[in-house]
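*Asks:* Please find one structure pasted underneath; my questions will follow.
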Amino acid sequence: MATIKLFDKSFEPYLPEALILEKIKELGQLLNQDYAGKKPLFIAILNGSFMFAADLFKEVTIEAEICFIKLASYKGTKSTGHVITAIGLDTDITDRDVVILEDIIDTGKTLNEFLPQLRNQHPKSLKVAVLLHKPDATVFPVDIDYCCFSIPNKFVLGYGLDYDGFGRNIREIYQLQE
Ligand code: 5GP
Ligand code: MG
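Each residue of the sequence shown is one higher than the one before, counting from 1304 in our numbering.
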């Protein structure tokens, strides 16, 4: 794997595909144990998590559902501030064992705002599985139940994650060269 250039930035190889897939396999096996007999509903957050969700769901051998949503953020009124809404959540999550699939937790702002909205719909349980977590960047608390990789606070690209829309199709994860 060589350094790649995208727009004005250079990225260097960080996590090889085989290692990513190995971690995802382990996560799948753990979920198969933890959710046996529970018919969990996985909710993958687009766009970034599409590749992670697809590879993880292939490792899930128990009965399970998956759906995909997008989060849109709006500037609300002065009192509501910035508001996050889910687009495409057409499955009733009441009394379901829900697992959120997210590509990366950076500041934590997105899930910190969104998880309480889901809790309002009274799922039986609500857990979070992430491919990547940047603990040094996280300022809004999020309980992460399953995490494949804890990574340093550097911008990453590939395996579903983009830089300005591009790079999602790269099979490995690259890190911004500084
Ligand atoms: P948070 O709300 O936790 O700050 O950020 C969540 C979202 O920001 C992620 O779902 C992802 O879309 C984007 N993001 C955060 N860090 C990175 C990164 O290093 N690379 C890429 N490509 N996206 C990131
Ligand atoms: Mg995301």
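Beta carbons: idealized from backbone N, C-alpha and C, even for Gly. Since the model is a prediction, treat every value here as computed from it, not as a measurement.
(1) Between the C-alpha atoms of Tyr-1377 and Leu-1414, what's the straight-line distance to the nearest angstrom?
(2) Could you check where the beta strand (DSSP E) with Pro-1316 kicks off and where it finishes?
(3) For Gly-1351 versus Lys-1373, is the C-beta spacing smaller than 8 Å?
(4) Comparing the CB of Lys-1373 with every heavy atom of the ligand 5GP, is any distance shorter than 7 Å?
(5) Which value, in whole angstroms, describes the spacing of the CA atoms of Arg-1474 and Gln-1424?
(6) Looking only at C-alpha atoms, which of Val-1431, Asp-1446 and Pro-1316 sits nearest to Ala-1347?
(7) Measure the CB-CB distance between Leu-1404 and Leu-1359 and report whether it falls below 8 Å.
(8) In this structure, how does DSSP classify Gly-1537 when only helix, strand and coil are distinguished?
(9) With respect to the beta strand (DSSP E) encompassing Leu-1359, which residues constitute its N-terminal and C-terminal limits?
*Replies:* By the coordinates alone:
(1) For this step, residue 1377 is matched to residue 74 along the sequence shown. For this step, residue 1414 is matched to residue 111 along the sequence shown. Cα to Cα, the separation comes out at about 15 Å.
(2) Mapped onto the sequence shown, residue 1316 falls at position 13. Residues 1312-1318.
(3) In the sequence shown, the residue the question calls residue 1351 occupies position 48. In the sequence shown, the residue the question calls residue 1373 occupies position 70. Not in contact: Gly-1351 and Lys-1373 (Cβ atoms no closer than 8 Å).
(4) Working through the sequence shown from its first residue, we reach residue 1373 at position 70. Outside the cutoff, so no.
(5) Sequence index remark: in the sequence shown, residue 1474 carries index 171 (1-based). Sequence index remark: in the sequence shown, residue 1424 carries index 121 (1-based). Their Cα atoms are separated by approximately 36 Å.
(6) Position 44 of the sequence shown holds residue 1347. Of the candidates Val-1431, Asp-1446 and Pro-1316, the one whose C-alpha sits nearest the C-alpha of Ala-1347 is Val-1431.
(7) To locate residue 1404, count along the sequence shown from 1; it is residue 101. To locate residue 1359, count along the sequence shown from 1; it is residue 56. Contact: yes.
(8) The displayed coordinates of the chain run from 1304 to 1481. Any statement about residue 1537 would go beyond what the structure contains.
(9) Locating residue 1359 in the sequence shown gives position 56, where the first residue counts as 1. Taken as a continuous stretch (DSSP letters only), Leu-1359 belongs to no beta strand (DSSP E), being part of the alpha helix (DSSP H) at 1353-1362.
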